[in-house]
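J.: After the structure tokens below, expect a handful of questions from me.
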């Protein structure tokens with residue numbers, strides 16, 4: 001369900017590195033070549049390119065891209081060139097160091113924890129330790145705003161069972177527990193944190209359905225009616241990322257381009273982090289929800305190499 | 001600091017399997033041969049033996065040992081033959097399914113989470129998912145006694161930074177936070193759980209020292225004065241496993257053999273799980289604390305093949 005396209009015959013890492021070297025050497029930079037190469041390679045191919053580039057030219061490809069490119073295009077290309085686990089560790093760290101730790105900043109941590117495989121989350125935690133000399137949960141416990149700590153520590157610490165295993169009795173009983181806590185507006189209740197951070201996603205989806213059947217409203221709607229705080233809004237992101245990551249990311253993209261100006265940070269994050277996972281589904285959901293074409297909207301709100309790069313990740317032929 | 005001894009020339013896995021096959025085939029079982037082989041092989045060698053045995057004879061070595069051996073000897077040999085992560089996953093599951101979930105039963109979960117490397121804990125969580133079709137933290141959240149849930153879920157979910165990195169300001173401020181919570185007898189306070197389950201062990205050891213300097217008593221003593229409940233006693237196990245696993249296991253062994261009768265379950269667990277880690281240090285601590293020889297005490301309380309096997313793991317020449 002990814003959108004990136006690979007050429008029929010993928011050049012060897014050395015060939016790719018030579019082409020990249022040509023693109024960054026001398027006066028000016030050949031951005032088109034960078035897009036043509038990196039925009040059409042998957043994570044393991046990019047890893048080989050990074051390693052080979054380092055060996056061949058004794059410099060870091062990422063550092064070189066950083067010095068050659070600029071603006072939103074640079075941010076997007078570099079995020080894409082990183083190892084996915086390292087990229088997410090960096091995004092989480094940026095969010096925790098942001099001045100304003102609002103839902104918009106912190107939701108990336110929820111996405112990493114709830115809209116990815118348990119294996120990927122583990123890899124992100126390992127990368128975080130290597131990069132920042134402390135654990136991700138340690139930084140959350142000391143830096144996230146108080147009402148969010150418990151939930152975020154729980155979510156990033158989870159290692160969910162990753163196969164479809166649903167127990168309907170558990171769904172019924174846990175839907176009741178959550179309904180009880182939500183009714184009392186106790187959104188940081190241990191029951192909510194345990195259930196959302198330890199159960200497998202299939203079990204949780206069944207529980208959300210059960211909740212709606214037994215108590216009338218979708219669970220995210222009941223959470224919304226508890227208030228407009230950051231815990232309420234982040235909990236809703238948790239529900240969406242578990243229930244349907246593609247809907248969540250369709251909304252992230254929509255919010256980033258609707259209204260005046262563009263939130264390039266969110267737009268880049270959504271497309272770069274999902275291009276190898278579910279951008280095809282996101283495109284479908286986008287059309288279902290907003291009755292308009294995602295690609296057209298992205299083209300309308302971006303320009304130049306940045307636009308070309310995002311569109312390449314979305315599968316366009318540039 | 002392990003005590004198991006390997007022969008100068010280790011036979012190939014096939015040779016070991018042939019010898020094991022001879023030991024279990026026909027009338028009677030050659031227990032001495034089983035001890036001589038498995039008792040002198042490390043985890044990766046045992047893994048190769050398990051795999052090779054399965055290939056050569058189309059049966060599981062563990063199953064065969066189960067049908068050939070009996071009693072405490074069987075339990076010890078089988079625990080030792082398992083992959084360490086799988087073994088610990090099984091021990092944790094047994095503890096969660098025990099009728100009486102007292103400190104004696106549940107402390108194995110604390111040992112796994114606090115007296116092992118972060119990598120090993122991850123491997124145990126992965127093994128748990130594979131073996132039991134749900135996550136370890138999921139089972140703890142639904143099966144551990146209520147006052148212990150938060151602490152145990154936090155501890156098993158941790159992925160601590162594993163290098164020595166100590167910030168004295170954090171030690172001072174967190175020692176105060178913990179002192180405050182302990183003074184109020186709020187032993188399940190979020191502060192206690194976050195600190196003990198997210199900080200690296202070097203940071204925590206520095207914090208424990210700081211606690212004693214600033215508030216007069218060792219932290220485990222102040223916790224003890226809060227009461228005699230299961231949370232108090234398990235929290236002390238957490239402190240010991242972080243502060244000095246060898247002291248904790250010296251005490252586990254002491255408790256298992258002192259008084260009338262022997263707690264073979266605990267004795268086996270302590271020796272089998274630590275024989276490749278720190279049994280040498282445990283022996284030293286045992287002498288320091290109890291002024292008597294660990295080996296002599298184990299010999300005095302066990303017999304037959306069970307005794308020979310434990311002594312082999314402790315490095316004796318049988």
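Residue numbers (UniProt numbering), protein chains in the order written: chain E, 1 to 318; chain C, 1 to 318. In this text, a Cβ means the ideal position worked out from N, Cα and C, and glycines have one as well.
#1: If you reduce the DSSP assignment to three classes, tell me which class residue 149 of chain C lands in.
#2: Please work out which residues of its chain come closer than 8 Å, Cβ to Cβ, to residue 299 of chain C, disregarding the five sequence neighbours upstream and downstream, and give them in chain order.
#3: Taking just the CA atoms, how far does residue 101 of chain E sit from residue 144 of chain C?
#4: If you draw a straight line from the alpha carbon of residue 250 of chain E to that of residue 293 of chain E, how long is it in whole angstroms?
#5: Compare the Cα-Cα distances from residue 164 of chain E to each of C:275, C:133, C:79 and report the closest residue.
#6: Out of E:26, E:69, E:60, which has the shortest C-alpha to C-alpha gap to residue 304 of chain E?
#7: Would you grab the beta carbon distance between residue 309 of chain E and residue 39 of chain E for me? Rounded to a whole angstrom, and I think it's under 8 Å.
#8: Three-state secondary structure (DSSP) at residue 253 of chain C?
#9: Determine the closest residue to residue 114 of chain C out of C:5, C:289, C:244, with distance taken between C-alpha atoms.
#10: Which value, in whole angstroms, describes the spacing of the CA atoms of residue 269 of chain E and residue 284 of chain E?
#11: Would you mind reading off the limits of the alpha helix (DSSP H) that contains residue 103 of chain C?
#12: From residue 301 of chain C to residue 259 of chain C, what distance separates their C-alpha atoms?
#13: Name the residue from E:142, E:232, E:54, E:153 whose alpha carbon lies nearest to the alpha carbon of residue 97 of chain E.
#14: Do the region 174 to 185 of chain C and the region 206 to 226 of chain C meet, that is, are 3 or more Cβ pairs less than 8 Å apart?
#15: If you measure from the beta carbon of residue 198 of chain C to each beta carbon in chain E, is any gap under 8 Å?
#16: Considering only C-alpha positions, which residue in the set E:16, E:118, E:34, E:203 is nearest to residue 45 of chain E?
#17: So the candidates are C:207, C:282, C:290; which of them puts its Cα closest to the Cα of residue 313 of chain C?
#18: Give the DSSP-derived three-state secondary structure of residue 324 of chain E in the structure shown.
#19: So, do the region 83 to 97 of chain C and the region 106 to 113 of chain C have three or more beta carbon pairs nearer to each other than 8 Å?
#20: The alpha helix (DSSP H) spanning residue 224 of chain E covers which residue range?
#21: Could you check whether the Cβ of residue 69 of chain E sits closer than 8 Å to any Cβ belonging to chain A?
#22: Take residue 19 of chain E and list the residues in its own chain whose beta-carbon comes closer than 7 Å to its own, dropping the five residues that flank it on each side.
#23: To the nearest angstrom, report how far apart residue 275 of chain C and residue 2 of chain C are at their CA atoms.
#24: Residues of the region 106 to 130 of chain E in Cβ contact with chain C at a cutoff of 7 Å, in chain order, please.
#25: Inspect the beta-carbon positions of residue 196 of chain E and residue 103 of chain E and report whether they are closer than 8 Å.
#26: If we cut at 8 Å on Cβ distances, does residue 165 of chain C have a partner in chain E?
#27: Considering only residues of the same chain and omitting the five flanking positions on each side of residue 222 of chain E, which have a CB-CB separation below 6 Å?
#28: Closest by CA to residue 128 of chain C, which one among E:159, E:123, E:29?
#29: Rounded to the nearest angstrom, what separates residue 31 of chain E and residue 121 of chain E at their Cα positions?
#30: By the three-class DSSP mapping on this structure, what secondary structure does residue 48 of chain C have?
T.: From the atom records:
#1: Here the question's residue 149 of chain C lines up with position 149 in the second chain. In this structure, residue 149 of chain C counts as helix in the three-state DSSP scheme.
#2: For this step, residue 299 of chain C is matched to residue 299 along the second chain. Same-chain partners within the cutoff: 307, 311.
#3: For the purposes of this step, residue 144 of chain C is taken as the residue at position 144 of the second chain. For the purposes of this step, residue 101 of chain E is taken as the residue at position 101 of the first chain. Going by C-alpha positions, residue 144 of chain C is about 34 Å away from residue 101 of chain E.
#4: Here residue 250 of chain E refers to the residue found at position 250 when the first chain is read from its first residue. Here residue 293 of chain E refers to the residue found at position 293 when the first chain is read from its first residue. Taking the straight line from one Cα to the other gives about 11 Å.
#5: Here residue 164 of chain E is taken as the residue at index 164 of the first chain, counted from 1. It is C:133 whose Cα lies nearest to the Cα of residue 164 of chain E.
#6: For the purposes of this step, residue 304 of chain E is taken as residue 304 along the first chain, with counting starting at 1. Nearest of E:26, E:69, E:60 to residue 304 of chain E, Cα basis: E:69.
#7: Within the first chain, the letter at position 309 stands for residue 309 of chain E. Within the first chain, the letter at position 39 stands for residue 39 of chain E. Yes, residue 309 of chain E and residue 39 of chain E are in contact; Cβ-Cβ is about 6 Å, under 8 Å.
#8: Stepping through the second chain from its first residue, residue 253 of chain C is reached at position 253. If DSSP states are grouped into helix, strand and coil, residue 253 of chain C belongs with the helices.
#9: Taking the first residue of the second chain as 1, we reach residue 114 of chain C at position 114. When each option's Cα is compared against that of residue 114 of chain C, the closest is C:244.
#10: Start at 1 with the first residue of the first chain, and residue 269 of chain E comes out as number 269. Start at 1 with the first residue of the first chain, and residue 284 of chain E comes out as number 284. The straight-line gap from Cα to Cα measures roughly 19 Å.
#11: Along the second chain, one-based indexing puts residue 103 of chain C at 103. Where residue 103 of chain C is concerned, the enclosing alpha helix (DSSP H) stretches over 103 to 114.
#12: Position 301 of the second chain holds residue 301 of chain C. Position 259 of the second chain holds residue 259 of chain C. Cα to Cα, the separation comes out at about 10 Å.
#13: Here residue 97 of chain E is taken as the residue at index 97 of the first chain, counted from 1. Among E:142, E:232, E:54, E:153, the Cα nearest to that of residue 97 of chain E belongs to E:142.
#14: Yes, since at least three Cβ pairs between the region 174 to 185 of chain C and the region 206 to 226 of chain C fall closer than 8 Å, the two stretches touch.
#15: As a first step, residue 198 of chain C must be located in the second chain, where it is residue number 198. Taking Cβ atoms only, chain E reaches closer than 8 Å to residue 198 of chain C, which makes this a yes.
#16: If you number the first chain from 1, residue 45 of chain E lands on position 45. Nearest option by C-alpha distance: E:16.
#17: Residue mapping note: residue 313 of chain C aligns to position 313 of the second chain, counting from 1. Answer by Cα proximity: C:282.
#18: As displayed, chain E neither begins before 1 nor continues past 318, which places residue 324 of chain E out of reach and without an answer.
#19: yes
#20: Along the first chain, read from residue 1 onward, the residue named residue 224 of chain E stands at position 224. Run containing residue 224 of chain E: 219 to 224, per the alpha helix (DSSP H) assignment.
#21: Although the question refers to chain A, the structure presented lacks it and instead comprises the protein chains E and C.
#22: Within the first chain, the letter at position 19 stands for residue 19 of chain E. Here the set comprises 33, 37.
#23: In the second chain, residue 275 of chain C corresponds to position 275, counting from 1. In the second chain, residue 2 of chain C corresponds to position 2, counting from 1. If I take the Cα positions, the gap works out to 5 Å.
#24: 122, 125, 129
#25: For the purposes of this step, residue 196 of chain E is taken as residue 196 along the first chain, with counting starting at 1. For the purposes of this step, residue 103 of chain E is taken as residue 103 along the first chain, with counting starting at 1. No, the pair does not count as a contact, with Cβ atoms beyond the cut-off.
#26: Within the second chain, the letter at position 165 stands for residue 165 of chain C. Judged by the 8 Å Cβ criterion, residue 165 of chain C is in contact with chain E.
#27: Mapped onto the first chain, residue 222 of chain E falls at position 222. Cβ within range, chain order: 182.
#28: Here residue 128 of chain C refers to the residue found at position 128 of the second chain. Cα-wise, what sits closest to residue 128 of chain C is E:159.
#29: As a working note, residue 31 of chain E is residue 31 in the first chain. As a working note, residue 121 of chain E is residue 121 in the first chain. Using only the alpha carbons, I get a separation of about 32 Å.
#30: Translated into positions along the second chain, residue 48 of chain C becomes position 48. Residue 48 of chain C: helix per DSSP, three-state reduction.
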